[in-house]
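S.K.: Can you read through this structure? Questions will come right after.
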Amino acid sequence: MSSQHTIVIEETEGYANNQIYEAAKLYLATRISSNMQRLRVSRVDETKSMLISMEEGEEMVDMFEGAEFKWQLVCRENSSATSSNGNSRQIEVRSFMLSFHKKQKEEALHSYLPFILARAKEIKEKDRVLKLYMNEGDSWFVKRKDYYKRIGKAWKRGYLLYGPPGTGKSSLIAAMANYLKFDIYDLELTEVGWNSALQHLLIGMSNKSILVIEDIDCTISLQQRDENEDRFTPTNDKVTLSGLLNLVDGLWSTSGEERIIVFTTNYKERLDPALLRPGRMDMHIHMSYCGVDAFRVLASNYHAINDHELFPEIEGLIREVEVTPAAVAEELMRSDDTNAALQGLLDFLKAKRKGDNEDKVEKENVEDEVENQK
Numbered sequence: 002m003s004s005q006h007t008i009v010i011e012e013t014e015g016y017a018n019n020q021i022y023e024a025a026k027l028y029l030a031t032r033i034s035s036n037m038q039r040l041r042v043s044r045v046d047e048t049k050s051m052l053i054s055m056e057e058g059e060e061m062v063d064m065f066e067g068a069e070f071k072w073q074l075v076c077r078e079n080s081s082a083t084s085s086n087g088n089s090r091q092i093e094v095r096s097f098m099l100s101f102h103k104k105q106k107e108e109a110l111h112s113y114l115p116f117i118l119a120r121a122k123e124i125k126e127k128d129r130v131l132k133l134y135m136n137e138g139d140s141w142f143v144k145r146k147d148y149y150k151r152i153g154k155a156w157k158r159g160y161l162l163y164g165p166p167g168t169g170k171s172s173l174i175a176a177m178a179n180y181l182k183f184d185i186y187d188l189e190l191t192e193v194g195w196n197s198a199l200q201h202l203l204i205g206m207s208n209k210s211i212l213v214i215e216d217i218d219c220t221i222s223l224q225q226r227d228e229n230e231d232r233f234t235p236t237n238d239k240v241t242l243s244g245l246l247n248l249v250d251g252l253w254s255t256s257g258e259e260r261i262i263v264f265t266t267n268y269k270e271r272l273d274p275a276l277l278r279p280g281r282m283d284m285h286i287h288m289s290y291c292g293v294d295a296f297r298v299l300a301s302n303y304h305a306i307n308d309h310e311l312f313p314e315i316e317g318l319i320r321e322v323e324v325t326p327a328a329v330a331e332e333l334m335r336s337d338d339t340n341a342a343l344q345g346l347l348d349f350l351k352a353k354r355k356g357d358n359e360d361k362v363e364k365e366n367v368e369d370e371v372e373n374q375k
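The numbering used here puts the sequence shown at residues 2 to 375.
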């Protein structure tokens, strides 16, 4: 009988991430040896440090309280679940093999692995800022785990951001993720073949994460299922709105915590009522055209000014025309010279007002012609 025992630590447990695997990955990154020939390097956020980890087939020896523990990363291909239309795909399954002398079995299970979990938590929390300011003025969401538990709600938060293109929806999401130091998952539903694949993706998400589905009105069918549709027709070979909402309400309510989901749309009126019903999303935030206050913030950010002789005329035009914050910011960034930048913005707004008026007149003329032909 071999004197060596082995513990297999797989990356996932069913559909959920294995926290011990994630902890081991973080911990081992701090123990990389200079003689290791192959390494894996990754960085998912410019605000985070580069992560150096083991590559497939590499081995590492770690000493803990005088005992030797050997780590090896193993990868294998595994077929995913097959949908009703016969489609399937290969998924790489990674696992750590932890080997040690049989005398250290109890120490490995009850001392070494708990130590790794605690050390990984320290690494993750080192520079994490847990605050979310979304019109509440307080970081209450990330501090109210006990409150959510007491009222029987999943510790998650949902936002619907709606408004014209260029009003800052994507920028707001990026700011949320950057400020919270949450992981961000940008889900492209058109690339997800069926509801079972979507289920796998959602459950596999880490805690302290933001799930983003942009342009929800364009990515999936928003029509209610036809009443005459054969109820025995397989429907798991495509992602539907009802399937998405069922997964969000059901799976997220039973797994994970500190989750934020954000839907964006340019046309709120096109959304299925199921997405807008009370209790579905916690906040509906209208991202509108640039107003006077937003203009002043942009001017302060880009040119460090709070007032200027051109402000009154610019603000008057902003009240007249529909211009996005992105367009205003673009004009302000065209020159480092404050006077030149503001004059350029003023000229841009005047040209836009003229163009809008011409479009309005043309539209009225077309409507008159149609009316006369009746």
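For glycine and all other residues, C-beta sits at the position ideal for the given N, C-alpha and C.
Please read all numbers here as calculations on a predicted model, not as lab measurements.
Alpha carbon to alpha carbon, how far is Gly-153 from Glu-12?
M.R.: Along the sequence shown, one-based indexing puts residue 153 at 152. Along the sequence shown, one-based indexing puts residue 12 at 11. Each residue's alpha carbon lies about 30 angstroms from the other.
S.K.: With a CB to CB cut of under 6 angstroms and the five nearest residues on each side skipped, what residues in its chain are close to Glu-368?
M.R.: As a working mapping, residue 368 is identified with position 367 in the sequence shown. If we look at Glu-368 and ignore the five residues flanking it on each side, it has no Cβ neighbours.
S.K.: Fully enclosed by the region 312–368, which beta strand (DSSP E) runs are 3 residues long or longer?
M.R.: Counting only runs of 3 or more, we get nothing.
S.K.: State the start and end residues of the unbroken alpha helix (DSSP H) segment that holds Asp-294.
M.R.: In the sequence shown, counting from the first residue as 1, residue 294 sits at position 293. Where Asp-294 is concerned, the enclosing alpha helix (DSSP H) stretches over 293–304.
S.K.: Since Tyr-186 is in the beta strand (DSSP E), which residue starts that stretch and which ends it?
M.R.: As a working mapping, residue 186 is identified with position 185 in the sequence shown. Run containing Tyr-186: 184–187, per the beta strand (DSSP E) assignment.
S.K.: Do Glu-332 and Gly-345 have their CB atoms nearer than 7 angstroms?
M.R.: The count along the sequence shown starts at 1 and reaches residue 332 at position 331. The count along the sequence shown starts at 1 and reaches residue 345 at position 344. Result yes, Cβ atoms of Glu-332 and Gly-345 sit closer than 7 angstroms.
S.K.: Can you find at least 3 beta carbon pairs, one from the region 164–179 and one from the region 191–206, that sit closer than 8 angstroms?
M.R.: As far as the Cβ criterion goes, the region 164–179 does not touch the region 191–206, which means the pair count is below three.
S.K.: For Ser-96, which of helix, strand or coil comes out of DSSP?
M.R.: Counting from 1 along the sequence shown, the entry for residue 96 is found at position 95. In this structure, Ser-96 counts as strand in the three-state DSSP scheme.
S.K.: Go through its chain and collect everything with a Cβ distance to Val-263's Cβ below 6 angstroms, but skip five positions before and after it.
M.R.: One-based indexing of the sequence shown puts residue 263 at position 262. If we look at Val-263 and ignore the five residues flanking it on each side, its Cβ neighbours are Tyr-160, Ile-174 and Val-213.
S.K.: Quick one: Cα of Asn-180 to Cα of Glu-259, how far?
M.R.: Here residue 180 refers to the residue found at position 179 when the sequence shown is read from its first residue. Here residue 259 refers to the residue found at position 258 when the sequence shown is read from its first residue. With the sequence shown as reference, residue 180 is identified as Tyr, and Asn is not the correct amino acid for it. Roughly 14 angstroms separates the two Cα atoms.
S.K.: Give me the residue from Ala-176, Phe-70, Ser-4 and Ile-10 with the minimum Cα distance to Arg-32.
M.R.: Sequence index remark: in the sequence shown, residue 32 carries index 31 (1-based). Comparing Cα positions, the closest option is Phe-70.
S.K.: Which whole-angstrom value is the C-beta distance of Thr-265 and Leu-162, which I expect to be below 8 angstroms?
M.R.: To locate residue 265, count along the sequence shown from 1; it is residue 264. To locate residue 162, count along the sequence shown from 1; it is residue 161. That belief holds up - the Cβ atoms of Thr-265 and Leu-162 are roughly 5 angstroms apart, short of 8 angstroms.
S.K.: Count the C-beta pairs between the region 108–119 and the region 10–29 that are closer than 8 angstroms, then say yes if the count reaches three, no if not.
M.R.: Contact between the region 108–119 and the region 10–29 is present, because at least three Cβ pairs lie under 8 angstroms.
S.K.: Does DSSP put Tyr-160 in a helix, a strand or coil?
M.R.: The residue given as residue 160 occupies position 159 in the sequence shown. Strand at Tyr-160.
S.K.: Rounded to a whole number of angstroms, what is the C-alpha to C-alpha distance between Glu-14 and Met-282?
M.R.: On the sequence shown, residue 14 is found 13 positions in, with the first residue counted as 1. On the sequence shown, residue 282 is found 281 positions in, with the first residue counted as 1. Rounded to whole angstroms, Glu-14 to Met-282 spans 29 angstroms at the Cα level.
S.K.: With distances taken Cα to Cα, identify the nearest neighbour of Leu-190 among Cys-219, Ala-178 and Arg-354.
M.R.: If you number the sequence shown from 1, residue 190 lands on position 189. The residue with the shortest Cα to Cα distance from Leu-190 is Cys-219.
S.K.: Which first and last residues belong to the alpha helix (DSSP H) in which Ser-172 is found?
M.R.: As a first step, residue 172 is located in the sequence shown; it is residue number 171 there, counting from the start. Its alpha helix (DSSP H) spans residues 170–181.
S.K.: Can you tell which of Phe-183, Glu-56, Ser-172 and Glu-66 has the C-alpha that lies nearest to the C-alpha of Cys-76?
M.R.: Within the sequence shown, the letter at position 75 stands for residue 76. Ranking the options by Cα distance to Cys-76, first place goes to Glu-56.
S.K.: Three-state secondary structure (DSSP) at Glu-14?
M.R.: What you label residue 14 is simply residue 13 of the sequence shown in a count that begins at 1. Strand, per DSSP.
S.K.: Within 10 Å of its beta-carbon, does Met-206 have 16 or more other beta-carbons around it, so buried, or fewer, so exposed?
M.R.: Here residue 206 is taken as the residue at index 205 of the sequence shown, counted from 1. So Met-206 ends up on the buried side.
S.K.: Checking 7 angstroms against the spacing of the C-beta atoms, do Ile-261 and Ala-17 come in under that value?
M.R.: Stepping through the sequence shown from its first residue, residue 261 is reached at position 260. Stepping through the sequence shown from its first residue, residue 17 is reached at position 16. Contact flag unset, no.
S.K.: Once DSSP output is grouped into helix, strand and coil, what is the label at Val-9?
M.R.: Reading the sequence shown from its first residue, position 8 is the one you call residue 9. Val-9 falls in the strand class under three-state DSSP.
S.K.: Using the C-alpha atoms, what's the distance from Thr-7 back to Asp-216?
M.R.: Numbered from 1 along the sequence shown, position 215 holds the residue referred to as residue 216. Numbered from 1 along the sequence shown, position 6 holds the residue referred to as residue 7. Those two C-alpha atoms are separated by around 48 angstroms.
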